Amino acid sequence: MAYDLSFAQDVYKNSEMGHWIKMCKQCGVCAGSCPLGPHWEYSPRQLFQLVRGGKKEEVLKSQSMWMCTSCYNCIVRCPRGLPITHIVHGLARYASVKGYADPNQVTNRFATKIFWTNIVSTGRVGEAMLTMRLYFVDGLAAGIQRGLEMKDSALGMLMTKRLNPIPFRGKIKGYAGFAAMIAKAQELEAKREAGA
Amino acid sequence: MKEYTFFPGCSSEKSASAANMEHSVQAMCKILGIQLNEIDDWNCCSASIGYAGGGQLPRLAMSARNFALAQQQRGTTDLVATCAACWLAMRETAERIEHEPEVRADINVALKEANLSYEGGIKTRHLVEVLIEDIGWEALKAKVKKPLSGLKAAGYVGCQTNRPFGIAGESYENPLYLDKMIEATGATAVNYPKKVACCGGALMFTEVEKSCALVRDLLQCAVDNGAEVIVTPCPVCQLNVEVYQGKINQLFGTNFNIPVIYYSQLFVLSWGGSWEDAALHQQVVSAEVLRRFA
Ligand code: SF4
Ligand code: SF4
Ligand code: SF4
Ligand code: SF4
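Protein chains in written order, with this note's numbering: chain H, 1 to 196; chain G, 1 to 294.
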């Protein structure tokens, strides 16, 4: 696939903490730190090298970034002090915003659609609604199947009053201001991400 | 009476997954003479997984609104969190507001839409730090009325209470405070190598089998080293390690059935609080093994 050196420049400038990628010395400490390491197509170390080599498609279409559990192992170990977790999150976000990430990748879909929509629609997480939307994301039949698979734990949570049987939660009192704040922040974010 | 501003987080709401933590934290604080003043009308901190939908500014603005409300309502009193993810999100936001003038300016442009502003000044602390620094080990030990003698507990620190910030004064690879808390109740802290391993975090929702494999290894390690109960400070760890045991047994043919409780529940029980004060009736995997101390 083609080299795209403007890609590296754009990541340095517009992806979260992207400029740090220049500082990586390719030691591989991060690669050995990811809990789901075996499931990463490219380790953080490899992702950073691919960015520097202008391998845009390889990086952005990879599922690797979506395997990050936000465990922060890498951050406290990197000898160069790279904020790796945030760089990896940034690359995932970048791939999603630029339309490269598979919208059906499970974590992408959950994080960008279900979770974020859940919190900004009321101001707080509604766990019951979150779970329902997650189960039913592939349609009714798949949802019922997943719900059944997890029914014992869901029942356990209900019985111990750790899950609300009513999935709809009210908005926070200052919701209008909260929503306006998020809209403004999104507007500024979009400008920044476009490289303005 | 010591007073702090309090951010409970979504999982500590009524009928939410960490309702048992919240209930036992309140009981623990009552015994210690700590008053937690909840921020009125707080919003979600956006957690770690908020990065994908929220990017940087919208995500950071969420904690900034909570800081602004806290300051309006309680001045610069220390802000205390009990959820690792909330604490981390707030610490990260505070750091970026402090060190990046551009971020601070943009956040304030956004906050203005809600008629708020925030320039920094509030210290965010984990409740664990309050216990260690403001109450102290000797005072915590002195509260014990029913020593949990003979109980073998595996302290599970997990990730986000430990990294990237961590409890003040602790190491990343081998933090000791949780073991010390267990020992402070008279119980025995089990030595096992997985206390800072990851449970999959929010990926338990999406990469279920991969995350379950992580938790299986953790459970196996704790059980092999003699643990009767797992103790944690983190609501995500607690949920993942407790509630998915059934799923894990199904997936891997194991037979786990070990209670996973909060440090606050352990303290309340050993300090003479009732089963209900300690919210031990709200466990999905029964904590009956602790009944001998109730
Ligand atoms: S640990 Fe740091 S320096 Fe080493 S490969 Fe990873 S990012 Fe690069
Ligand atoms: S935070 Fe993400 S990138 Fe870093 S070690 Fe954990 S999973 Fe890997
Ligand atoms: S970390 Fe979770 S519980 Fe805590 S406020 Fe954020 S979303 Fe809510
Ligand atoms: S152990 Fe799991 S839930 Fe706890 S902090 Fe780590 S990833 Fe989050």
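Glycine included, each C-beta is placed from N, C-alpha and C at the ideal position.
Note that the structure is a prediction, hence the values are computed from the model and not measured.
Spatial neighbours of S43/H in its own chain (CB-CB distance under 6 Å, excluding positions within 5 residues in sequence) are listed in chain order as A31. In the structure shown, Y3/H falls within a coil segment according to DSSP collapsed to helix, strand and coil.
Pairwise C-beta distances place the stretch 24-40 of chain H out of contact with the stretch 145-158 of chain G, as fewer than three of them are shorter than 8 Å.
Among the residues of chain G, those whose CB is under 8 Å from the CB of H39/H are E207 and K210, following chain order.
The Cβ atoms of K123/G and D179/G lie no closer than 8 Å to each other. Annotation for L69/G: I39 place their beta carbon closer than 6 Å to its own, counting only its chain and skipping 5 residues before and after. In this structure, R104/G has its beta carbon at no less than 7 Å from each heavy atom of ligand 1.
Taking a cut-off of 8 Å for Cβ pairs, the stretch 38-54 of chain G and the stretch 284-293 of chain G do not touch, as fewer than three such pairs fall below it. At a C-beta separation below 7 Å, Q186/H has these neighbours in chain G: P58. DSSP places Q26/G in the uninterrupted alpha helix (DSSP H) bounded by A19 to L32. The beta carbon of K152/G does not come within 8 Å of any beta carbon belonging to chain H, so the residue lies off that interface.
Judged by DSSP secondary structure, V268/G falls within the alpha helix (DSSP H) whose first and last residues are Y263 to S270. Listed by position along chain G, the residues whose Cβ is nearer than 8 Å to that of V106/H are T206 and E207.
The three-state reading of DSSP puts K2/G in strand, counting E and B together.
At least one C-beta of chain H is nearer than 8 Å to the C-beta of Q283/G. Taking all protein chains shown into account, T76/G has fewer than 16 neighbouring C-beta atoms within 10 Å of its C-beta and is therefore exposed.
Buried is the label assigned to P259/G, since at least 16 other Cβ atoms lie within 10 Å of its Cβ. Secondary structure within the stretch 18-70 of chain H: the alpha helix (DSSP H) runs of 4 or more consecutive residues, fully enclosed, are 44-52 and 56-60 (chain order). Any heavy atom of ligand 1 within less than 7 Å of a residue's beta carbon puts that residue on the list, which reads C24/H, K25/H, Q26/H, C27/H, G28/H, V29/H, C30/H, A31/H, P44/H, R45/H, F48/H, C74/H, R77/H, C78/H, P79/H, R80/H, L82/H and I84/H. Taking 7 Å as the cut-off between beta carbons, the residues of the stretch 43-56 of chain G near chain H are N43, C44, S46, S48, I49, G50, Y51, A52, G53, G54, G55 and Q56, in sequence order. Per DSSP, the continuous alpha helix (DSSP H) segment holding H99/G begins and ends at A84 to H99. At a cut-off of 7 Å, the beta-carbon of T69/H counts as near ligand 2: some heavy atom of the ligand is closer than that. Neighbours of S12/G across chain H, judged by C-beta separation under 9 Å, do not exist; the nearest C-beta is about 11 Å away. Q9/H is classed as exposed because its beta carbon has fewer than 16 other beta carbons within 10 Å across all chains shown.
Any Cβ of chain G closer than 8 Å to the Cβ of N14/H would place that residue at the interface, and such an atom is absent. Rounded to the nearest angstrom, the gap between the Cα atoms of I84/H and I75/H is 6 Å. Within the stretch 243-262 of chain G, V243, Y244, Q245, G246, K247 and Q250 place their CB atoms closer than 9 Å to a CB of chain H, listed in sequence order. Contact with chain H is absent for E170/G, since none of that chain's Cβ atoms lies less than 8 Å from the residue's Cβ. A Cβ-Cβ separation of about 7 Å places I182/H in contact with A61/G under the 8 Å criterion. Contact annotation: the stretch 220-235 of chain G does not touch the stretch 85-98 of chain H, with fewer than three C-beta pairs closer than 8 Å. Across the structure, F256/G and R216/G are spaced so that their CA atoms are roughly 9 Å apart. The DSSP-derived three-state label of E133/G is helix.
For E57/H, the number of other beta carbons within 10 angstroms of its own is below 16, and it is reported as exposed. As the crow flies, the alpha-carbon of W87/G is around 6 Å from that of H126/G. Here D106/G is buried. Its C-beta has 16 or more other C-beta atoms within 10 Å. A Cβ of chain G is located within less than 8 Å of the beta carbon of K173/H.
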